[in-house]
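Written out below as C-alpha cells is the structure these notes cover.
In this note's numbering, the protein residues as written are 33 to 251.
Right, dumping it as C-alpha cells:
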C-alpha cells in the first residue's frame, strides 16, 4: 500500500512542491509533479531542515554521496514513464528519496545501495514512512536485482562510462533505462535507453548532468 497523503502535509509551507510551476513549464507529467508534492524531501536529508531541503539543488547526505536536485529527480522519473502496474528498479538508493517518488507511481520498487550505512538508513526511513511497496537491498547494482525483475523501468542514480549490459537485459520489452553516462567527476549525458525488442535497444541523450560515480564492489 502506498503512503497516505495527509492534507496538512501537502499544505505545510516547507512541504510544497519545489518550484512546481517551473517544473510544469518543462513539460513534466502531472503524475510526477503530484508524487513530488506528496514526498517530504526534508525527511531524506541528515539535517531534516525544511529551510534547505526544498531548494532546487543537490545536497550532501554523507559518505561522499548526495541527494539529487529535485528537478533532476522529477526529470528522470518523467523519462521513465512509470505506470501504476509497473515494477521499477533503482540502482543507487542513497537517501531513499528517488525510491519514495517512484513508490507513489509504481506497483513495486526494488532499490539497491552499495554503501551499508546508506542502505540501512534509507530502508529505515522508507519503512518509517510506510513506503511498503519499496524493497531495499545492500549490494552492487551493476547486474540489477534478478529476483525482483524483469523491470518496466530502471533508474540509475550514479554515472558510468558506458551502458551496463546486465541492466538492459533485466528490462522488459518496451521498458526504459534512465541513467547518466560519462566519466566520473565531470559532465555526463543523461541517457534514455528503450528496449524495443529482445536484444535491440534505442538510446538518446536528453541533457547534461553531473552525478557521483557508480561504485562497484571490490570482491
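Just so it is clear, CB atoms sit at the ideal spot from N, CA and C, and this is done for glycine as well.
Status (buried if at least 16 other CB within 10 Å, exposed otherwise) for residue 102: For the purposes of this step, residue 102 is identified with residue 70 of the chain shown, where counting begins at 1. Label assigned to residue 102: buried.
Whole angstroms is fine: what's the gap from residue 124's alpha carbon to residue 172's? Taking the chain shown and counting its residues from 1, the one referred to as residue 124 is at position 92. Taking the chain shown and counting its residues from 1, the one referred to as residue 172 is at position 140. Whole-angstrom Cα-Cα distance: 9 Å.
What is the DSSP secondary structure of residue 97, reduced to helix, strand or coil? Here residue 97 corresponds to residue number 65 of the chain shown, with the count starting at 1. DSSP places residue 97 in strand when its eight states are reduced to three.
Kindly list the residues whose CB is nearer than 8 Å to the CB of residue 116, restricted to its own chain and excluding five residues on each side of it in sequence; keep chain order. Locating residue 116 in the chain shown gives position 84, counting from the first residue. The residues are 137, 138, 139.
Taking residue 177 as the reference, which of 191, 165, 199, 193 has the closest Cα? As a working mapping, residue 177 is identified with position 145 in the chain shown. Of 191, 165, 199, 193, the residue nearest in Cα terms is 199.
Do you know how far the Cα of residue 120 is from the Cα of residue 192? Reading the chain shown from its first residue, position 160 is the one you call residue 192. Reading the chain shown from its first residue, position 88 is the one you call residue 120. Between residue 192 and residue 120, the C-alpha separation is close to 20 Å.
Please classify residue 153 as buried or exposed, where buried requires at least 16 neighbouring CB atoms within 10 angstroms. Reading the chain shown from its first residue, position 121 is the one you call residue 153. Result: buried.
So, residue 210 versus residue 108, is the Cβ gap smaller than 7 Å? Position 178 of the chain shown holds residue 210. Position 76 of the chain shown holds residue 108. Yes, the Cβ-Cβ distance between residue 210 and residue 108 is below 7 Å.
Cβ of residue 244 within 7 Å of Cβ of residue 70? Within the chain shown, the letter at position 212 stands for residue 244. Within the chain shown, the letter at position 38 stands for residue 70. For residue 244 and residue 70, no; Cβs fall outside 7 Å.
Rounded distance between the beta-carbons of residue 220 and residue 248, thought under 8 Å: In the chain shown, the residue the question calls residue 248 occupies position 216. In the chain shown, the residue the question calls residue 220 occupies position 188. The Cβ separation is near 17 Å, so there is no contact.
Would you report the Cα separation of residue 204 and residue 84, rounded to the nearest angstrom? By one-based count along the chain shown, residue 204 stands at place 172. By one-based count along the chain shown, residue 84 stands at place 52. Using only the alpha carbons, I get a separation of about 38 Å.
Alpha helix (DSSP H) runs wholly inside the segment 106-169, at least 4 long, in chain order: 129-135, 148-160
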